[in-house]
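All remarks here apply to the structure that follows.
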Amino acid sequence: MPPKPKRIGILTAGGDSPGLNAAIRGVGKAAIGFYNMEIIGFRDGFRGLVEDRRLKLDKSTLAGILTVGGTILGTSRDKPHRMMIDGRMHNMTETIVKNYKRFGLDALVCLGGGGTQKNALRLHQAGLNVVTLPKTIDNDVSMTDATFGFATAMDIATEMIDRLHSTAHSHHRIIVAEVMGHRAGWLTLGAGIAGGADVILIPEIPYDINKIADAIRRRSKNGTNFSIVAVAEGAMAKEEARAYAAAEARKERAKSQKEKYAAKVELATLESRHVGNTTRLAKHLEELTHLESRLTILGYVQRGGTPSAADRLLATRLGCGAADAIEKGIFGVMIAAKGDGTEAVPLEKVAGKRKIVPVDHSWVQTARRVGTCMGD
Ligand code: F6P
Numbered sequence: 002m003p004p005k006p007k008r009i010g011i012l013t014a015g016g017d018s019p020g021l022n023a024a025i026r027g028v029g030k031a032a033i034g035f036y037n038m039e040i041i042g043f044r045d046g047f048r049g050l051v052e053d054r055r056l057k058l059d060k061s062t063l064a065g066i067l068t069v070g071g072t073i074l075g076t077s078r079d080k081p082h083r084m085m086i087d088g089r090m091h092n093m094t095e096t097i098v099k100n101y102k103r104f105g106l107d108a109l110v111c112l113g114g115g116g117t118q119k120n121a122l123r124l125h126q127a128g129l130n131v132v133t134l135p136k137t138i139d140n141d142v143s144m145t146d147a148t149f150g151f152a153t154a155m156d157i158a159t160e161m162i163d164r165l166h167s168t169a170h171s172h173h174r175i176i177v178a179e180v181m182g183h184r185a186g187w188l189t190l191g192a193g194i195a196g197g198a199d200v201i202l203i204p205e206i207p208y209d210i211n212k213i214a215d216a217i218r219r220r221s222k223n224g225t226n227f228s229i230v231a232v233a234e235g236a237m238a239k240e241e242a243r244a245y246a247a248a249e250a251r252k253e254r255a256k257s258q259k260e261k262y263a264a265k266v267e268l269a270t271l272e273s274r275h276v277g278n279t280t281r282l283a284k285h286l287e288e289l290t291h292l293e294s295r296l297t298i299l300g301y302v303q304r305g306g307t308p309s310a311a312d313r314l315l316a317t318r319l320g321c322g323a324a325d326a327i328e329k330g331i332f333g334v335m336i337a338a339k340g341d342g343t344e345a346v347p348l349e350k351v352a353g354k355r356k357i358v359p360v361d362h363s364w365v366q367t368a369r370r371v372g373t374c375m376g377d
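Using this note's numbering, read the sequence shown as starting at 2 and increasing by one per residue.
This is the structure:
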């Protein structure tokens with residue numbers, strides 16, 4: 002009798018990003034067509050495994066999705082160990098382990114960003130054969146050259162910055178463009194350089210508003226009465242960054258649950274005060290420079306729509322890498338992009354380690370060389 006085909010589960014978790022469907026297709030096509038495995042999708046992230054939201058994936062469900070944005074599986078930010086069920090928080094890890102066995106799975110592929118890597122590690126430690134792929138427009142997953150979704154989001158943000166140039170120029174205005182990226186500046190920095198922003202503000206380099214105003218005034222003195230300021234949603238002024246760093250350090254040093262909770266509350270307060278930061282920045286720059294200013298929040302368009310060729314290629318490569326790892330019995334790993342190839346990196350090395358922009362990164366140096374004000 003031929004051996005029973007391996008059966009793998011797949012889910013997408015966290016914020017969606019372009020390239021998820023290309024990755025699902027990559028895993029699925031390699032698993033079904035190349036390795037003769039079976040594949041089952043779970044809808045809406047880890048919740049799909051808890052609530053038995055299965056979707057059988059076969060050649061026909063995988064057809065035609067390479068170019069489609071979002072994820073055919075749906076996604077959610079649910080965590081296995083803290084899931085809201087009937088209005089209360091529950092640890093659903095055991096249920097997931099039980100269902101994994103009940104559905105006869107040999108492996109589970111989780112596509113996601115930093116949070117998903119942590120959750121996948123928890124499930125691996127609970128005994129599941131887990132393989133992950135790095136997805137996020139923020140590009141902040143450690144141990145991989147890149148995450149899929151980032152290249153497309155950078156293309157979109159760049160195009161939007163391009164478009165802001167002509168209107169800023171025509172009206173002699175400052176246009177502040179808020180770019181996504183959570184607490185990492187990759188997207189703003191990449192799109193800012195590619196789109197020729199005059200000022201680029203990222204979370205890794207806290208800014209001094211006076212330095213930004215000086216740079217804009219210098220441009221005006223030289224006859225250029227408009228400026229594009231690309232700001233990461235997580236960018237902060239120096240004072241705010243100091244308060245954050247102090248609260249983070251208190252959280253790290255906390256010896257008791259009580260101290261940890263207090264530091265978490267402090268961080269949450271700082272986060273809520275940060276809301277509206279770019280609105281205040283635009284207003285403040287107008288006051289300091291006497292140039293009319295406007296704010297454009299690029300928002301979710303950065304995550305939507307068809308993936309770029311670069312992301313389709315990356316997602317397909319990584320997806321096939323996941324099927325290869327499962328065939329070889331390599332688990333508890335993230336399939337990372339390394340040069341032209343892929344590498345299976347232990348999840349312990351990835352989980353909880355955000356990849357932020359080093360302040361001396363070559364992209365930062367490039368921005369400075371072409372005269373971009375980095376706000377410091
Ligand atoms: O992680 C991707 C991302 O788009 C971040 O850039 C952004 O901060 C966040 O997700 C927005 O989250 P949500 O989709 O939950 O609003």
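A virtual CB, placed ideally from N, CA and C, is assigned to each residue, including glycine.
Item	Value
Please name the residue or residues paired with Arg-8 in a DSSP beta bridge.	Glu-39
Decide yes or no for the touch test of the stretch 154-169 against the stretch 290-305: beta carbon pairs closer than 8 Å, at least 3 of them.	yes
Relative to the C-alpha of Asp-87, which candidate in Gln-366, Glu-52, Ala-121 has its C-alpha closest?	Glu-52
In chain order, which continuous runs of the alpha helix (DSSP H) of length 4 or greater are located wholly inside the stretch 194-236?	210-222
Would you list the one or two residues that DSSP bridges to Thr-145?	Its beta-bridge partners do not exist; DSSP assigns none.
Quick check: is the beta carbon of Lys-5 nearer than 8 Å to any beta carbon in chain D?	Of the protein chains in this structure there is only one, and it is not chain D.
How about the stretch 262-275 and the stretch 223-232: do they share at least three Cβ pairs that are nearer than 8 Å?	no
What does the Cβ neighbour count give for Asn-37, buried or exposed, with the cut at 16 atoms within 10 Å?	exposed
Where are the beta strand (DSSP E) runs, 3 residues long or more, that stay fully inside the stretch 267-300, in chain order?	294-298
Restricting to Cα atoms, I'd like to know which of Lys-5, Gly-27, Asp-146, Cys-374 is closest to Asn-211.	Cys-374
Can you find a heavy atom of the ligand F6P that lies under 7 Å from the Cβ of Thr-307?	no
Contact defined as beta carbons within less than 8 Å: I believe Leu-74 pairs with Gly-29. What is the distance between those atoms, to the nearest angstrom?	That belief does not hold up - the Cβ atoms of Leu-74 and Gly-29 are roughly 11 Å apart, past 8 Å.
Helix, strand or coil, according to DSSP, for Thr-133 in the structure here?	strand
Please state whether DSSP places Arg-55 in a helix, a strand or coil.	strand
Under a three-way DSSP split, which group does Ala-264 fall into?	helix
For the beta strand (DSSP E) holding Val-110, just list the boundary residues, first then last.	108-113
Would you check whether the ligand F6P has a heavy atom nearer than 7 Å to the C-beta of His-183?	yes
Whole angstroms is fine: what's the gap from Ile-33's alpha carbon to Ile-157's?	33 Å
Taking 7 Å as the cut-off, is the CB of Asn-48 close to at least one heavy atom of the ligand F6P?	According to the sequence provided, residue 48 is Arg. The question's Asn does not apply to it. Incorrect: Arg-48 has no Cβ contact closer than 7 Å to the ligand F6P.
Which residues in the same chain have their Cβ closer than 8 Å to the Cβ of Ala-248, if we skip the five residues on either side of it in sequence?	Ala-264, Glu-267, Leu-268, Leu-271
Please give me, in chain order, every unbroken run of the alpha helix (DSSP H) with length at least 4 that falls completely inside the stretch 64-124.	94-103
When the Cα of Ser-143 is compared with those of Val-358, Val-365, Thr-367, Val-371, which residue comes out closest?	Val-358
Quick one: grab the DSSP three-state call for Gly-322.	helix
Specify, as a first and last residue, the run of the beta strand (DSSP E) that Ala-345 falls within.	342-347
Just confirm the distance between the C-beta atoms of Tyr-208 and Ala-246, as a whole number of angstroms; I'd bet it's less than 8 Å.	In fact, because the Cβ distance is near 15 Å, the residues do not count as touching under 8 Å.
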